[in-house]
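Worksheet for the structure shown next.
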Amino acid sequence: MRAARVSGGLALLLALLGWSAWFAVCNRYEFAPPLDPLAFACGWLLSAILAGRVLRRVAWPLFAQASCIGMYLLLIHRGMGEGAAQVLFLAASVAVVAAAFRTTTRVSDA
1 MRAARVSGGL
11 ALLLALLGWS
21 AWFAVCNRYE
31 FAPPLDPLAF
41 ACGWLLSAIL
51 AGRVLRRVAW
61 PLFAQASCIG
71 MYLLLIHRGM
81 GEGAAQVLFL
91 AASVAVVAAA
101 FRTTTRVSDA
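If you're matching positions, the sequence shown starts at 1 in full-length UniProt numbering and goes up one per residue.
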């Protein structure tokens with residue numbers, strides 16, 4: 001179980017670092033369209049809240065949040081509208097955080 005939590009934390013960290021690098025490159029150079037700073041800030045904030053809540057309890061929310069980040073970046077890369085991709089990302093991330101909070105509350109009560 002500990003290995004799964006470490007792997008989940010590492011997956012989330014790598015997703016955030018990759019997103020940060022892509023954000024820096026896309027917002028600095030002219031050959032790529034700039035990424036949305038609101039989605040970037042919300043992604044980091046939701047990931048930090050999630051990691052702080054579940055890092056020592058369960059692993060699946062960390063993997064789920066990393067996959068939300070990956071799907072958002074894939075949608076942007078494939079040309080989906082920035083607004084639609086942002087709404088999907090935020091909805092999925094908030095759902096993951098809410099489910100994780102509900103799960104960890106039940107685990108703590110038991």
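All residues carry an ideal CB built from backbone N, CA and C; glycine is no exception.
Taking only three categories from DSSP, how would you classify Met80?
coil
Test item: CB-CB of Ala15 and Ile69 under 7 Å
Closer than 7 Å, so yes.
In its own chain, which residues sit with a C-beta less than 7 Å from the C-beta of Cys42, not counting the 5 before and 5 after it?
In its chain, beyond the 5 residues on either side, Leu90 have a beta carbon closer than 7 Å to the beta carbon of Cys42.
Could you check where the alpha helix (DSSP H) with Val25 kicks off and where it finishes?
Counting along the chain, the alpha helix (DSSP H) containing Val25 begins and ends at Arg2 to Arg28.
Considering just the uninterrupted stretch of the alpha helix (DSSP H) at Val54, what are its terminal residues?
Run containing Val54: Pro37 to Val54, per the alpha helix (DSSP H) assignment.
Short of 7 Å in beta carbon distance, which residues of its chain neighbour Arg53, apart from the five on each side in sequence? Order them along the chain.
Ala100, Phe101 and Thr104
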